[in-house]
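Protein chains in written order, with this note's numbering: chain A, 1 to 254; chain B, 1 to 254.
2 protein chains.
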Amino acid sequence: MYFEGAIKAQERAEAKQEALCGATSRCTNCPARADAICAGLAPEALDDLHQLSRHRVLRKGQTLVWQGDRTDIAATVISGMLKLSAATADGREQILGLVAPGGFVGRIDEARARYDIVALADTELCQFSGPGLALFASRHPEIASALLGKTMQELDRSRHWQLMLGQASAAERVATMLLDFAGADLEAGGCYPFPLSRGQMAELAGLTIETVSRQISQLKRNGVISVLSRTSFSVRDPHALMALAGLSPVAATH
Amino acid sequence: MYFEGAIKAQERAEAKQEALCGATSRCTNCPARADAICAGLAPEALDDLHQLSRHRVLRKGQTLVWQGDRTDIAATVISGMLKLSAATADGREQILGLVAPGGFVGRIDEARARYDIVALADTELCQFSGPGLALFASRHPEIASALLGKTMQELDRSRHWQLMLGQASAAERVATMLLDFAGADLEAGGCYPFPLSRGQMAELAGLTIETVSRQISQLKRNGVISVLSRTSFSVRDPHALMALAGLSPVAATH
DNA sequence: CGGCCTGTTGATGCTTATCAATTCCTGTGG
DNA sequence: CCACAGGAATTGATAAGCATCAACAGGCCG
């Protein structure tokens, strides 16, 4: 789900090449537009929205927003990947969400940010000011509706993890993550990437690095998956993996 | 936060008495309106919205939506309290959210419900059809904006619990819940209700009944709180309670 | 080729779940 | 008003699961 869009990231190379030509031209060629809040916007409205936006590039590891900042940044991810993560006073971290191309981050109102927003890879953004976007949305119901839809989708994802973190065992959490990485086109023998390091997987699943590693090793031992490299795996027994993920009521709908 | 609105529930008695008089009259007297999505709507628009709504009463324990149902119910809570909860295949339950008067539940699009919606107390609703409300929102930016605001607020709450469930110890989770029950007006000696049973508190915090009970007993032993009855407690040492909750970065902003 | 970061594996202990027994409210009926 | 029944809550004993600490292996880049 999160990661399907990431594959398109390579395709953006050419879009990057073309220097500042017409505003609309950049938008029509935008690789994220089909999934973004501006999808299906009429040409002249798209042009207006483009006037409000600022193209921005984050390098891997760079932080867009710091937890506790008073900021009203809003943005669509064009390429790359962002993570939203909150840290506790004593340094424990929890990844709250991942945002793939076409996804939306930020707030409409200006309030203290409750989490960091950090680039997991080099990331291009189409950035807006929150109030500016809100004003635009008030005049363009299709944008307001798209914003609501994106936010509800994020709410569903967050609640899905709420269930996982509250009730699932380590094995169930890891199996669920792998299914998520595999995406919709899960099949026996299929090869999929680990888009996150073990440490990031641990932060997402509310586990330690060691536990994630052990669970992956056990799936390997049981013949459910093969680990091809540090960053990719193949699924030998999709049915077993889904059975292990078990409690995810959301899986079926993705 | 969740529970401040609940106190107003008693005040609704008179509103209930008045039989069907003018549509707008019912809305203007609605005890939840100040916090609901219809707050600040112009009189004629309010009247239009009222035409789309259906007043409904749920008895305690009654279910509005079943997990897995294909439904598009949307509603504002007028009085009482709803819980959103998801169950795993083997019966473990997790409370995903609580909705107090003025709060909004449901979906705009028709999709499979990912969680149950159940009344924790006798509850009055102002119910809409999702698409009907969406259409209304597309013509009334202030409603679209209010819906987005409510949804973002729910997203913040869900992510707050994501952090709790992923990283916090049992002691931290229970302390955080008690602070939540106390609400904004926390003070030494202040007396507050347990709006949830121990079992419900456990479902919310991702713990067992026994662990919740033990944590409360320990807070009692350490002089941080007193338990006055099964359903109320007083805070002897607010500072200690906040220190124990510790990692909640959200607490400060409520 | 060597250093370093990431990941794996092992040993141990703490936290919390589980199972079981008892006590305490609360509401009902005598 | 008091006694009693039944559920809710508390407390205790034990065990499972995961974190923590520690050592080691493997791959990548300079």
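Backbone N, C-alpha and C define an ideal beta-carbon position, used for all residues, glycine too.
Remember, predicted model here, so these are calculated numbers, not experimental data.
Where the beta strand (DSSP E) through A45 (chain B) begins and ends | Note, A45 (chain B): premise wrong, no beta strand (DSSP E); alpha helix (DSSP H) at P43 to L52.
Please name the residue, chosen from A:E210, A:I143, A:L125 and A:Q153, that lies closest to R107 (chain B) on a Cα-to-Cα basis.
-> Distance from the Cα of R107 (chain B) is smallest, within the candidate group A:E210, A:I143, A:L125 and A:Q153, for A:Q153.
Tell me the DSSP bridge mates of D278 (chain B)?
-> Since the first residue of chain B shown is 1 and the last is 254, residue 278 (chain B) is not available in this structure.
Does any C-beta atom of chain B lie closer than 8 Å to the C-beta of L96 (chain A)?
-> Answer yes: the Cβ-Cβ gap between L96 (chain A) and chain B drops below 8 Å somewhere.
Is the region 76-95 of chain A in contact with the region 202-216 of chain A, if contact means three or more CB pairs nearer than 8 Å?
-> Verdict: yes, contact present.
In the DSSP assignment, what residue or residues form a beta bridge with F128 (chain B)?
-> Note: F128 (chain B) sits in a beta bridge opposite B:A74.
State whether the region 134-145 of chain B contacts the region 60-73 of chain A, with contact taken as three or more CB pairs (one from each stretch) at a distance under 8 Å.
-> No, the region 134-145 of chain B does not touch the region 60-73 of chain A.
Per-residue DSSP class, three states only, for R56 (chain B) | The DSSP-derived three-state label of R56 (chain B) is strand.
Between which two residues does the beta strand (DSSP E) containing L186 (chain A) stretch?
-> Unbroken run through L186 (chain A): none, as it is neither H nor E.
Smallest Cα separation from A184 (chain A): which of A:M242, A:E210, A:L165 and A:L228?
-> Nearest option by C-alpha distance: A:M242.
Is the beta carbon of R54 (chain B) less than 8 Å from the beta carbon of Q127 (chain B)?
-> By the CB criterion at 8 Å, R54 (chain B) and Q127 (chain B) fall inside the cutoff.
Express the C-alpha separation of T88 (chain A) and I73 (chain A) in angstroms, rounding to a whole number.
-> Cα to Cα, I73 (chain A) sits roughly 23 Å from T88 (chain A).
Would you mind telling me which residues of chain A sit closer than 7 Å to P195 (chain B), beta carbon to beta carbon, in chain order?
-> Here the premise fails: no neighbours, minimum Cβ distance about 19 Å.
Taking 8 Å as the CB-CB limit, is W161 (chain A) close to chain B?
-> By this cut-off, W161 (chain A) is an interface position.
Nearest to T208 (chain B) by CA position, among B:T28, B:A171, B:V65 and B:R159, is which residue?
-> Nearest option by C-alpha distance: B:A171.
Where P141 (chain B) meets chain A, residues with beta-carbon distance less than 8 Å = Correct list: A137, S138, R139, P141 and A144.
Output yes if chain B places a C-beta closer than 8 Å to the C-beta of Y115 (chain A); else output no.
-> It does; some Cβ of chain B falls within 8 Å.
Note the first and the last residue of the continuous alpha helix (DSSP H) segment covering V212 (chain A).
-> Unbroken alpha helix (DSSP H) run through V212 (chain A): I209 to R221.
Reducing DSSP to helix, strand and coil, say where E11 (chain A) ends up.
-> Residue placement at E11 (chain A) is flagged as unreliable, the pLDDT there being 44, under the threshold of 50; the coordinate-derived value follows with that caveat. It is helical.
Listed by chain order, chain A residues near A134 (chain B) by CB distance under 9 Å | Correct list: S145 and L148.
Secondary structure at F136 (chain B), three-state DSSP: helix, strand or coil?
-> Here DSSP, grouped into helix, strand and coil, assigns F136 (chain B) to helix.
Buried/exposed call for L228 (chain B), threshold 16 Cβ in 10 Å | Only exposed fits L228 (chain B), as fewer than 16 other CB atoms lie within 10 angstroms of its CB.
Could you tell me which of A:E187, A:G190, A:G189 and A:H160 sits nearest to A176 (chain A), measuring between CA atoms?
-> First, the residue type needs correcting, since residue 176 (chain A) is Thr and not Ala in the sequence shown. Put simply, of A:E187, A:G190, A:G189 and A:H160 the residue whose alpha carbon is nearest the alpha carbon of T176 (chain A) is A:H160.
Give the C-beta separation of I117 (chain A) and L84 (chain A) to the nearest angstrom, bearing in mind that I take them to be a contact with Cβ-Cβ under 8 Å.
-> Correct: roughly 6 Å between the Cβ atoms.
Option in B:P31, B:R26 and B:G40 with minimal Cα separation from A144 (chain B) | The shortest Cα separation from A144 (chain B) among B:P31, B:R26 and B:G40 belongs to B:G40.
Determine the direct distance from the alpha carbon of H140 (chain A) to that of D48 (chain B), and round the result to whole angstroms.
-> Taking the straight line from one Cα to the other gives about 21 Å.
Pick helix, strand or coil for F104 (chain A), following the three-state DSSP scheme.
-> Note: F104 (chain A) maps to strand in three-state DSSP.
Return the CA-CA distance between R56 (chain A) and D180 (chain A), expressed in angstroms with no decimal places.
-> The alpha-carbon atoms of R56 (chain A) and D180 (chain A) are separated by roughly 28 Å.
Alpha helix (DSSP H) segment containing L178 (chain A), residue limits = Per DSSP, the unbroken alpha helix (DSSP H) holding L178 (chain A) starts and ends at A170 to A182.
Counterpart residues of V65 (chain A) in DSSP-defined beta bridges | In DSSP, V65 (chain A) forms a bridge with A:I117.
Would you tell me roughly how many angstroms separate the C-alpha atoms of V224 (chain A) and L244 (chain A), rounded to the nearest one?
-> Looking at the backbone, the Cα of V224 (chain A) and that of L244 (chain A) are separated by about 10 Å.
C21 (chain B) to L64 (chain B), Cα distance in whole Å?
-> At C21 (chain B), the pLDDT of 49 sits below 50, so the modelled position is not reliable; the number obtained from the coordinates is stated separately. If I take the Cα positions, the gap works out to 26 Å.
E154 (chain B) versus chain A: which residues are under 7 Å apart at the beta carbon?
-> The answer, in chain order, is L155.
Under 8 Å between beta-carbons, which chain A residues line up against T151 (chain B)? List them in chain order, please.
-> Those are L148, T151, M152 and L155, listed as they occur along chain A.
For chain A, find out if any of its Cβ atoms is closer than 8 Å to the Cβ of I73 (chain B); answer yes or no.
-> Not one chain A Cβ lies under 8 Å of I73 (chain B).
Partners in chain A for S169 (chain B), counting only beta-carbon separations shorter than 9 Å | Residues of chain A passing the Cβ test: none, with the nearest at roughly 10 Å.
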